[in-house]
Every structure is written in structure tokens, then in C-alpha cells.
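Just so we're aligned: the sequence shown equals residues 472 to 683 in this note's numbering. Here a beta-carbon is modelled for each residue, glycine too, at the ideal position from N, C-alpha and C. Read the structure below first, then the notes.
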Amino acid sequence: MTERLLDQMVKWNVIRREDEEIYRFGLEGVLLKSLHYMSYLLLALLFRQAAPFLLFFAAFLLLRKNAGGYHAKTRGCCYLISCATVICVLTAMQMVSKWEDAGSIMGGLTLAADMVVCMAAPVENENRLLDEEEKKYFRKRSLGLLAAVNVFFWPLNILGEKTWASALMLAVVCEAMLLILGKLQNGRDEFETGQEQEIRNECKESKKCKEL
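Right, dumping it as C-alpha cells:
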């Protein structure tokens with residue numbers, strides 16, 4: 472599909488052939504994002520949780536964009552993990568409505584997730600490396616957004632609006648989990664990079680020994 476669109480754009484002189492790779496990357500990104508969002512909305516409709524899911528997704532997306540966190544290695548893996556996460560979120564929303572002590576449980580989970588976000592954000596990944604100024608900027612934005620989510624969550628939770636409160640609670644919890652996984656991912660990547668460097672150094676030393 473992407474190739475056909477690009478070929479037509481070249482034939483119509485909309486883009487130049489030498490710029491095709493740039494437009495391919497952008498077009499694939501747009502199509503994949505559209506696939507993601509359409510899948511999420513379809514799942515929300517199937518679970519009959521479309522409105523609260525949109526609230527969850529808006530809050531989560533803003534936190535995710537600024538706080539960062541775990542990033543899948545491949546697009547296919549990202550899609551599968553994202554859809555699985557959405558299903559878990561929608562299932563949790565349905566379960567919360569049946570909990571008698573939902574308010575206290577959601578309050579505790581939100582406080583715990585708040586602490587994780589406050590301590591960890593932002594977490595970079597290989598596709599989004601940050602310098603010190605950028606880290607300060609995104610940390611400030613992350614904490615501001617977190618405060619805004621809490622401003623809406625706590626009144627809803629106190630008033631017993633389980634559906635809407637759970638949407639905001641899950642947004643913070645999901646982001647906190649991504650931050651923890653992102654920290655673990657970065658630590659593993661640094662460890663693997665260090666091992667590779669040690670192997671290279673050992674190979675260089677062994678070659679030098681042979682030459683001597």
C-alpha cells in the first residue's frame with residue numbers, strides 16, 4: 472500500500488524520486504499510528520468502554536510523550552504489546568466497577584504510581600536520547616501533567632465515580648510501569664554494550680599478543 476501511494480505521488484510530481492525514502496518513513500509512521508488508534512478504539516467499543524477509554528488514553532498519551540519509558544524493539548512487538556495493554560486496561564475498568572473498596576484501592580495504587588513517576592521521569596530510550604536541559608524540561612512537564620491528572624482523579628474517586636476515576640488511575644499506573652521497564656531496559660542495554668566493548672578489547676589484546 473505504501474509503495475503504491477509513493478509511486479502515484481511520484482507520477483503526479485507531488486514528490487521527487489530522490490525524496491522517496493523520506494516520505495516512505497513518514498507515511499509508514501502515519502499508517503502505523505492510524506492502525507494502532509483504530510485497533511484501540513475498536514477494542515474499547517467491544518468492551519463498551521469507549522468514553523472512559525478516551526479519557527484514559529488522553530491522560531496516558533500526554534504522560535507517555537513527556538515522561539517516556541519502555542520502547543519495544545520492533546514495530547510488530549510494539550503493536551502487540553500496546554493492544555494487550557489496552558485489553559488489560561479495559562478489563563480493569565470493568566472489574567473496578569464491581570469492587571466494594573474500589574476507592575481506597577485506586578487511591579493507594581495512584582499514590583504508589585505517583586511516587587514512581589516523580590522519582591523516575593523522564594526515562595529516555597534509544598530512539599529518544601535526551602541531554603541535561605531536555606531532561607529538566609520534560610521532567611517539569613511530566614510532573615505538571617501528573618499533578619493535573621491527580622487534580623481530576625481525587626475528586627472523582629471521593630465522589631465514587633469509579634469508571635472515570637479508574638481511567639485516570641490506570642493512566643498513571645501504566646506510565647509508572649513503563650518507566651520501571653524503561654529503566655530496566657536501559658540498564659540491560661548498557662550492560663550488553665559494556666560486554667561487547669570488553670570482548671572487542673580482549674580481541675584487540677589477543678591480536679597484539681600474537682603479533683608480538
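- Q656 counts as buried, since no fewer than 16 other beta carbons sit within 10 angstroms of its beta carbon.
- The straight-line gap separating the alpha-carbon atoms of S575 and E604 is approximately 38 Å.
- In the three-state DSSP reduction, N598 falls in the coil class, being neither helix nor strand.
- With 16 or more neighbouring CB atoms inside 10 Å of its own CB, A636 falls in the buried class.
- In this structure G539 touches R599 by the C-beta definition: roughly 6 Å separates them, less than 8 Å.
- DSSP assignment within the stretch 573-654 yields the following whole alpha helix (DSSP H) runs of 4 residues or more, N-terminal first: 573-591 and 603-629.
- Counting other Cβ atoms within 10 Å of its Cβ, Y508 stays below 16 and is therefore classed as exposed.
- Residue pairing by DSSP places G539 opposite V594 in a beta bridge.
- Of all C-beta pairs linking the stretch 507-524 to the stretch 622-632, fewer than three are shorter than 8 Å, placing the two stretches out of contact.
- According to the DSSP assignment, T545 belongs to no alpha helix (DSSP H), since it is labelled neither H nor E.
- Only exposed fits K544, as fewer than 16 other CB atoms lie within 10 angstroms of its CB.
- Annotation: V622 to V501 spans about 33 Å, alpha carbon to alpha carbon.
- Linking P593 to A619 through their CA atoms gives a straight-line distance of about 17 Å.
- Shown here, Q520 sits in coil according to DSSP, grouped into three states, outside any helix or strand.
- Around the CB of K633, 16 or more other CB atoms lie within 10 Å, so the residue is classed as buried.
- In the three-state scheme derived from DSSP, where H, G and I count as helix and E and B as strand, K504 is classed as helix.
- L503 is the residue among L503, M640, A638 and Y608 whose C-alpha sits nearest the C-alpha of C548.
- For S510, the secondary structure class from DSSP, reduced to helix, strand or coil, is helix.
- By the neighbour-count criterion, in which 16 or more other beta carbons inside 10 Å mark a residue as buried, M640 falls on the buried side.
- Around the beta carbon of L551, fewer than 16 other beta carbons sit within 10 angstroms, so the residue counts as exposed.
- Taking all protein chains shown into account, A584 has 16 or more neighbouring C-beta atoms within 10 Å of its C-beta and is therefore buried.
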